[in-house]
Amino acid sequence: MNELLQSSLQPPSAEDRLRDLQIDLPSPPQPLGIYAMAVQSGRLLFLTGMLPTVQNTARCTGRVGAELGVEAARDAARIAALNALALIRAHTGSLDRVARIVRLSVFITTTEDFLQQPRVADGASIILQNVFGEARNPSRLVFGVQSLPLGVPVELELIVELEED
Amino acid sequence: MNELLQSSLQPPSAEDRLRDLQIDLPSPPQPLGIYAMAVQSGRLLFLTGMLPTVQNTARCTGRVGAELGVEAARDAARIAALNALALIRAHTGSLDRVARIVRLSVFITTTEDFLQQPRVADGASIILQNVFGEARNPSRLVFGVQSLPLGVPVELELIVELEED
Amino acid sequence: MNELLQSSLQPPSAEDRLRDLQIDLPSPPQPLGIYAMAVQSGRLLFLTGMLPTVQNTARCTGRVGAELGVEAARDAARIAALNALALIRAHTGSLDRVARIVRLSVFITTTEDFLQQPRVADGASIILQNVFGEARNPSRLVFGVQSLPLGVPVELELIVELEED
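Chains as they are written, first to last, in my numbering: chain S, 529 to 693; chain X, 529 to 693; chain W, 529 to 693.
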C-alpha cells in the first residue's frame, strides 16, 4: 500500500501524540514493597496501582471533599496517569506497542457524601484519551476508598493490551 | 447428532432462560465520563462499573446499614446486574455468546460495622445464576467502599469470557 | 540436557519451597454465597476474595489503626495468602502448575488516616515471594476499604497465570 495513504488511514501513534502534546514523561515509579511494578501475561500487562507521586514522593495528600477539592484531585489523577504511561513505556520500549488500555480503575479517598468521582477520574481519562485516541478509551471502574498508601487522594489500576510481537 | 438428543444434553441457553424468567432487559447504560462501557481483549470482555440506574438515573441512593436496608441494597445489586446483561447483549448480540462470567465484584457503600456484604452481593449473583446456570457461577470479590458515583449503594465489576467466534 | 545441570538452572519448585518452609496448607475455603471459589479462563485463574479464615471462620476481626495493629493485620494477610495457595492447589493439583501470580490486590479495613497499607500487604507478599521466588512477584493494588465480610481486616484478590497444559 502507498505509504502516504496508509498513514492517512492510520491514527497518529501514541508516541507522536505525546510529542505533539509536549508531554515529557517522568521516570517510572519504584515499588514501595514486595512486588513488581508490571506483570505481563499473554498480551495483557497488569500495572501495580499508580499513585500521584513525583520521584516516589506523594505530590499531594488528603481526602477529596475535605482537605482537597475536585480540581486538585483531578490533577493528582493526571499525575498518576503520567506515571502509568512512563511505566508502560519502560516495560514495552514504546507506547506504540499498546493496542489499548483495556481497563482503568480510579480509587479515590473521599468523604462519605462525595458524588463527583467521575469528574476526578476524568483527570486520568483525559490524558489517556489524548494519547491513545477516543476509539481506544478503556472501560472504567470508579469508587471512593477509605485510605490510600502515602495518604494520596487517587490510585489507578490499569490493564493494558499490547500489540502482538 | 440427533437434534433432540443434543438439546437434552445441553443446558438451556441464557437467552431462553431469560425468556422463561420473563425478564425484559433495560436499554444498556451510557457513560458518565470519558470511557467505553465495555472493552474486549481476546475472549475476555471487561465491563465498566455497573450501577443500579434506570435510564442512566440512580434507582436508589444511600449507605447500606444507615439510610438503606439489606433488601433495598440486594434489589439495587439486581438492577445493576440487569444493566450488565443488557450491556453484554448490546456488545455481543446475544447472551448465548457468553461462555462464562469469570469474575463478579460487588462494591457496596456501607457503615463501618456492616457485615452482610455477601447477602447484598447475592442480589446480583442470583440473577446471574438464574441466567447462566450454577455450573457457570463466577468467582467473586466483595467489599464495602466509602462512596460511589451518583450516591448509589452498589457497583458491579464483571469480567466475561465469550465463546470463540 | 544433563538432569543435574538442568536442575541447577531451574529455580526450586513451589511445592519444594513450601516443604522447605515447613508450611502445611489448610483445607481450601468454601463459598459464603452464590459463587465459585476460582474460575479459569485460558491460562488465567481468577480467585474469589481470600479472607483470613480458618475452617471458614474469621481468624481475627477489626479495623487496622483502631482495634487492630499492623502486626495483627500482617498476620491476617499471611493467613489469607495461605488460603489462596490451598485454593490454587485444590484447583490445579499442584502449585508447580503456577507460572506466576499476575496480580495481588490487598483490601484492608483501615481508619481514615492510616498510612501503612504496604506493610500490611507485605504480610501476603512475603509468603508468595517465599514460595514462588522474587522473579515471579506479582503486580499489586493496595487500598483501605470501609468494611469486609465477617468483619475481617484483610481481603486478597489473586489473578494467577498457569503453565500451559
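The beta-carbon is built from N, C-alpha and C at its ideal position, and this holds for glycine as well.
Treat the numbers as computed from the prediction; the structure is a model and nothing was measured.
Distance from Ala604(X) to Val680(X) at the Cβ level is roughly 7 Å; contact confirmed, criterion being Cβ atoms closer than 8 Å. The residue from Arg625(S), Pro666(S), Asp641(S) and Ile607(S) with its alpha-carbon nearest to that of Met578(S) is Ile607(S). By the neighbour-count criterion, in which a residue is buried when 16 or more other Cβ atoms sit within 10 angstroms of its Cβ, Glu685(S) is buried.
Assignment of beta-bridge partners to Gly590(S) by DSSP yields no partner. Within the DSSP bridge table, the entry for Ile629(W) names Val688(W) as partners. If you draw a straight line from the Cα of Pro666(X) to the Cα of Phe574(X), it comes to about 14 Å.
Counting other Cβ atoms within 10 Å of its Cβ, Asp650(W) reaches 16 or more and is therefore classed as buried. Beta-bridge partners assigned by DSSP to Phe574(X): Val567(X) and Ile687(X). Counting only the Cα atoms, Leu560(X) lies some 42 Å from Gly661(W). Shown here, Leu549(W) sits in coil according to DSSP, grouped into three states, outside any helix or strand. Rounded to whole angstroms, Val670(S) and Ser569(W) show a C-alpha spacing of 25 Å.
In its chain, beyond the 5 residues on either side, Thr576 have a beta carbon closer than 8 Å to the beta carbon of Ala564(X). Listed in chain order, the positions of the stretch 664-688 of chain S with a beta carbon within less than 8 Å of a beta carbon of chain W are Val673, Gln674, Ser675, Leu676, Pro677, Leu678, Gly679, Glu683 and Glu685. Taking 9 Å as the cut-off, the beta carbon of Thr637(W) is found no closer than this to the beta carbon of Leu610(W). In this structure, Glu689(S) and Val630(S) form a Cβ contact; the two beta carbons are roughly 5 Å apart against a cut-off of 8 Å.
When the beta-carbon positions are compared, Glu543(X) and Leu656(X) stay at least 9 Å from each other. Annotated as proximal: Glu683(W) and Val634(W), with beta-carbon spacing under 9 Å.
Shown here, Ser667(W) sits in a strand according to DSSP, grouped into three states.
Secondary-structure assignment with DSSP links Phe635(W) through a beta bridge to Phe671(W) and Glu683(W). For the set Asp641(W), Leu553(W), Ala566(W) and Ala618(W), the Cα lying nearest the Cα of Val592(W) is the one of Asp641(W). Contact with chain S is found for Gly570(W), since one of that chain's Cβ atoms lies less than 9 Å from the residue's Cβ. Relative to Glu599(X), the option among Val648(X), Pro539(X) and Ala627(X) whose CA is nearest is Val648(X). Leu615(W) carries a helical assignment under DSSP once its states are collapsed to helix, strand and coil. Within 10 angstroms of the beta-carbon of Gln645(X) lie 16 or more other beta-carbons, which makes it buried.
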